[in-house]
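Asker: Below: one structure in structure tokens.
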Amino acid sequence: MAKVVVIGAGFAGHTAALYLGSRLGKKHDITVISNRDVFGYVPSWVWVGVGHMKPEKTVFKLKPVYDKMNVKFVHAAAKEIHPDKGDQYVLGEEVGTSKQVRLDYDYLVVAPGPLLNFAGTPGLGPENGFTHSICSLPHALKTRDAYLSLCERMKKGENVKIVIGTGHPGATCQGAAFEYIVNVHKDLVKKGLRDKADILWLSNEPAMGDFGVNGVQIKRNGHVMKSEEFLTSVFNDHGIRYQVQTGVTKIEEGKIHWQNYEGEEGTTDFDFSMLIPQFKGQPFKFVDKNGEDITSKVTNPAGFILVDGKYGLPYPELAQTPDAWPARYQNPMYKNMFAAGIAFAPPGPISKPFTNKNNLAIAPAPPRTGMVSGVIGRVVALNIADLIEKGEMTHSEPMTEMVAACIASMGDSLWDGNAVTIVMRPVVPDRKKYQNEFGRDLFTSHLEMGVSGAWMKFMLHHTFIWKFKARPGWTIIPE
Amino acid sequence: MQNSQEFSKAEKFWMNFKLYQLWRFIVLNIKILIAVGHSKRS
Numbered sequence: 002m003a004k005v006v007v008i009g010a011g012f013a014g015h016t017a018a019l020y021l022g023s024r025l026g027k028k029h030d031i032t033v034i035s036n037r038d039v040f041g042y043v044p045s046w047v048w049v050g051v052g053h054m055k056p057e058k059t060v061f062k063l064k065p066v067y068d069k070m071n072v073k074f075v076h077a078a079a080k081e082i083h084p085d086k087g088d089q090y091v092l093g094e095e096v097g098t099s100k101q102v103r104l105d106y107d108y109l110v111v112a113p114g115p116l117l118n119f120a121g122t123p124g125l126g127p128e129n130g131f132t133h134s135i136c137s138l139p140h141a142l143k144t145r146d147a148y149l150s151l152c153e154r155m156k157k158g159e160n161v162k163i164v165i166g167t168g169h170p171g172a173t174c175q176g177a178a179f180e181y182i183v184n185v186h187k188d189l190v191k192k193g194l195r196d197k198a199d200i201l202w203l204s205n206e207p208a209m210g211d212f213g214v215n216g217v218q219i220k221r222n223g224h225v226m227k228s229e230e231f232l233t234s235v236f237n238d239h240g241i242r243y244q245v246q247t248g249v250t251k252i253e254e255g256k257i258h259w260q261n262y263e264g265e266e267g268t269t270d271f272d273f274s275m276l277i278p279q280f281k282g283q284p285f286k287f288v289d290k291n292g293e294d295i296t297s298k299v300t301n302p303a304g305f306i307l308v309d310g311k312y313g314l315p316y317p318e319l320a321q322t323p324d325a326w327p328a329r330y331q332n333p334m335y336k337n338m339f340a341a342g343i344a345f346a347p348p349g350p351i352s353k354p355f356t357n358k359n360n361l362a363i364a365p366a367p368p369r370t371g372m373v374s375g376v377i378g379r380v381v382a383l384n385i386a387d388l389i390e391k392g393e394m395t396h397s398e399p400m401t402e403m404v405a406a407c408i409a410s411m412g413d414s415l416w417d418g419n420a421v422t423i424v425m426r427p428v429v430p431d432r433k434k435y436q437n438e439f440g441r442d443l444f445t446s447h448l449e450m451g452v453s454g455a456w457m458k459f460m461l462h463h464t465f466i467w468k469f470k471a472r473p474g475w476t477i478i479p480e
Numbered sequence: 014m015q016n017s018q019e020f021s022k023a024e025k026f027w028m029n030f031k032l033y034q035l036w037r038f039i040v041l042n043i044k045i046l047i048a049v050g051h052s053k054r055s
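Keeping their order, the protein sequence lines are chains F and G.
Mapped onto our numbering, the consecutive letters of the first sequence carry residue numbers 2 to 480.
Mapped onto our numbering, the consecutive letters of the second sequence carry residue numbers 14 to 55.
Encoded structure:
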């Protein structure tokens, strides 16, 4: 009987656990260790942050789902990984009791989600800083409360400044910030308060609509349309000001300090700000059989786990080398260890990085959205099942082949809400396969805005929660 | 950085015209399912 341990129960970890339970749960020992005992449907937290969705609608308890799927659940925070052959185990700390937990494994999936590096930007974040975040449910709730009290001030006649975007020169997840800024706009319009707010988009993207993936390009009526034009139209239409090519360096009460591509330093005042922090890998300690810390051999400097990618290529070479992107998410040193979702180390950025004259790198990190994380979780789980049952892996899916569909909410109402529906193939451009300057399949890639997107987003919320609860037919629903 | 790009009146009309949007909803679902079909086969 093989022992498989999954660290983390987000999009990647939970998906992996469901597939592992389904394929191996009755014959083998599958265990999930997570510091949270609930699954959180992250894409809907943007609605929690404006007070349009109750938080309990975005979470559910994990244990009943795992009981059904023959998966054991340990409510503990993983701290140490001992990966050397002969004595491979994860050490954790049980939530509530701080009791040490030891989980032996034959195969390990590391999928704990990101460490939100608020400390990377002085003054950033809701705990020790002056800005807000929608990256966790407690943060989204704090954001909602701050936003609603801001609305109360506006109702009394106060004019306010709202800044939404990225809070670090190397931040990712611009899509979530985009959804939040447009939902704030829509909510203020509905409340009759829009004229009281000056809203600014502040982002580290090289261009509007870049999203850390070098933008989205589609073919429409015979010509190529870029997400830059599309998003610019959205912001102009909504009266939202924008400032891209900007890295936030420090926050003070009511003041954001930044630098731009030209190396200019400036400040922007705010009354309310939601800025996405830099993401880093979770600070696990990897320990070898001699008790030595080998973390630096297993992870990159940001704490993401090295897998089967080609690392160290300069950007121009990486952009022309689709094979550099990992396909199986398997650690090269410890072949029974896989990293899924945000946990794996990408070989480099997707968008063109930029370093200004002050030596500040302003470069969005590659996003690993829910769909990408889910697909990787599935690939990893099926490969582990293959290894246990057949002795070899049969699944692979690099981001240079992966399709991603993303629905960016622009108001949740099913009558007058809106959303941008984005389909990208592949997520990371493959300029060898697709012989155009963008390296993408311009026929499959799609960008469209309309109320149908709001219906899609509503439908996705319910179908994905159905899937993640492993209800009948869950495997049919794509990641 | 800022320019004068905006959606036309016709574009805005189609974005909110429910019958057309119902058609787009069906088309988008099919398009996404076909696109991810590739992924599910990997």
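Idealized CB from N, CA, C, for every residue including glycine.
Is the beta carbon of Gly378/F closer than 9 Å to that of Pro348/F?
Answerer: No, these two residues do not count as a Cβ contact at 9 Å.
Asker: Tell me, which residues are paired with His169/F by DSSP?
Answerer: Answer is none; His169/F lacks a bridge partner.
Asker: At the level of alpha carbons, what is the spacing between Tyr90/F and Trp475/F?
Answerer: Cα to Cα, Tyr90/F sits roughly 31 Å from Trp475/F.
Asker: Spatial neighbours of Leu149/F within its chain, please: C-beta separation below 8 Å, excluding the five flanking residues on both sides.
Answerer: Within the same chain, Leu149/F has close Cβ partners Gly52.
Asker: List, in order along the chain, the chain F residues whose C-beta lies closer than 8 Å to that of Lys22/G?
Answerer: Neighbours of Lys22/G on chain F: none; closest Cβ ~11 Å, over 8 Å.
Asker: Nearest-angstrom Cα distance between Lys100/F and Glu94/F?
Answerer: For Lys100/F and Glu94/F, the distance between alpha carbons rounds to 6 Å.
Asker: Mind reading off the beta-carbon distance from His258/F to Thr250/F? Whole number of angstroms is fine, and I expect it under 8 Å.
Answerer: Confirmed, Cβ separation roughly 5 Å.
Asker: Exposed or buried, what is Phe26/G when buried is set at 16 or more other beta-carbons lying within 10 Å of its beta-carbon?
Answerer: It counts as exposed.
Asker: Who are the Cβ neighbours of Trp48/F in its own chain at under 6 Å, not counting the five residues just before and after it?
Answerer: Met54, Asp413.
Asker: For Met425/F, which residues in the same chain have their Cβ closer than 6 Å to its Cβ, ignoring the five residues on either side in sequence?
Answerer: The answer, listed in chain order, is Val217, Ala405, Ser446.
Asker: Listed from N- to C-terminal order along the chain, which residues in the stretch 34-45 of chain G have their beta-carbon within a distance smaller than 9 Å of any beta-carbon of chain F?
Answerer: Those would be Gln34, Leu35, Trp36, Arg37, Phe38, Ile39, Val40, Leu41, Asn42, Lys44, Ile45, in chain order.
Asker: For a quick check, are the C-beta atoms of Asn118/F and Gln260/F less than 9 Å apart?
Answerer: Cβ distance not < 9 Å, so Asn118/F and Gln260/F don't count as in contact.
Asker: Could you check what DSSP says for Leu109/F in three-state terms: helix, strand or coil?
Answerer: Strand, per DSSP.
Asker: For Ala48/G, which option in Ile423/F, Val214/F, Phe465/F has the closest C-alpha, if you only look at C-alpha atoms?
Answerer: Among Ile423/F, Val214/F, Phe465/F, the Cα nearest to that of Ala48/G is on Ile423/F.
Asker: Please report the straight-line C-alpha distance between Gln37/G and Glu449/F, rounded to a whole angstrom.
Answerer: The sequence given here has Arg at residue 37/G, not Gln. Computed Cα separation, rounded: 9 Å.
Asker: Quick one: is Val249/F near chain G, going by C-beta distance under 9 Å?
Answerer: Not one chain G Cβ lies under 9 Å of Val249/F.
Asker: For Ala366/F and Gly171/F, I'd like the C-alpha separation in whole angstroms.
Answerer: Using only the alpha carbons, I get a separation of about 6 Å.
Asker: Please classify Met400/F as buried or exposed, where buried requires at least 16 other C-beta atoms within 10 Å of its C-beta.
Answerer: The residue is buried, with at least 16 neighbouring Cβ atoms inside 10 Å.
Asker: Hey, is the stretch 338-354 of chain F in contact with the stretch 12-22 of chain F, meaning 3+ C-beta pairs nearer than 8 Å?
Answerer: In short, these stretches touch, since the Cβ pair count reaches three.
Asker: Please confirm if the stretch 222-235 of chain F is in contact with the stretch 188-196 of chain F, defined as three or more CB-CB distances below 8 Å between the two stretches.
Answerer: No, they do not touch.
Asker: Output, in chain order, the set of chain G residues within a Cβ distance shorter than 7 Å of His447/F.
Answerer: The contacting residues are Lys44.
Asker: Skipping 5 residues on each side, what residues in its chain have a beta carbon closer than 8 Å to that of Tyr42/F?
Answerer: Excluding sequence neighbours, Tyr42/F sits near Thr59, Val60, His462, Phe465, Ile466, Phe469.
Asker: Comparing the C-beta of Gly313/F with each C-beta of chain G, is any distance below 9 Å?
Answerer: Chain G, which has no Cβ nearer than 9 Å to the Cβ of Gly313/F, makes this no.
Asker: When burial is assigned at 16 or more other CB atoms within 10 Å of the CB, is Gly240/F buried or exposed?
Answerer: Classification for Gly240/F: exposed.
Asker: Is DSSP giving Asp324/F helix, strand or coil here?
Answerer: Residue state, collapsed to three classes: helix.
Asker: Mind listing the chain G neighbours of Lys430/F? Cutoff is C-beta to C-beta under 7 Å, in chain order.
Answerer: Strictly speaking, residue 430/F in this sequence is Pro, with Lys absent from that position. Within 7 Å Cβ-Cβ: nothing; Pro430/F doesn't reach chain G, min ~16 Å.
Asker: Which residues in chain G have a C-beta closer than 8 Å to the C-beta of Trp467/F? List them in chain order.
Answerer: Within 8 Å Cβ-Cβ: nothing; Trp467/F doesn't reach chain G, min ~16 Å.
Asker: If we ignore side chains and look at the alpha-carbon of each, how far apart do Ile277/F and Gly126/F end up?
Answerer: Straight-line Cα distance between these residues: approximately 9 Å.
Asker: Are there 16 or more other CB atoms within 10 angstroms of the CB of Gly50/F, so buried, or fewer, so exposed?
Answerer: Result: buried.
Asker: Output the distance between the C-alpha atoms of Val429/F and Lys44/G, rounded to the nearest integer angstrom.
Answerer: Those two C-alpha atoms are separated by around 20 Å.
Asker: Tell me, which residues are paired with Lys434/F by DSSP?
Answerer: Partner(s): none; Lys434/F has no beta bridge.
Asker: Can the beta-carbon of Ala471/F be found less than 9 Å from the beta-carbon of Val66/F?
Answerer: Their beta carbons are under 9 Å apart, which means Ala471/F touches Val66/F by this criterion.
Asker: What does Glu449/F pair with, by DSSP beta-bridge criteria?
Answerer: Bridge partners of Glu449/F: Thr422/F.
Asker: Compare the C-beta of Ala406/F against all C-beta atoms of chain G and say whether one is closer than 9 Å.
Answerer: Yes, Ala406/F lies at the interface with chain G (some Cβ there is under 9 Å from its Cβ).
Asker: Out of curiosity, what's the CA-to-CA distance linking Glu303/F and Met372/F?
Answerer: The sequence shown places Ala at residue 303/F, not Glu. One C-alpha to the other measures close to 23 Å.
Asker: If you reduce the DSSP assignment to three classes, tell me which class Ile351/F lands in.
Answerer: Ile351/F: coil per DSSP, three-state reduction.
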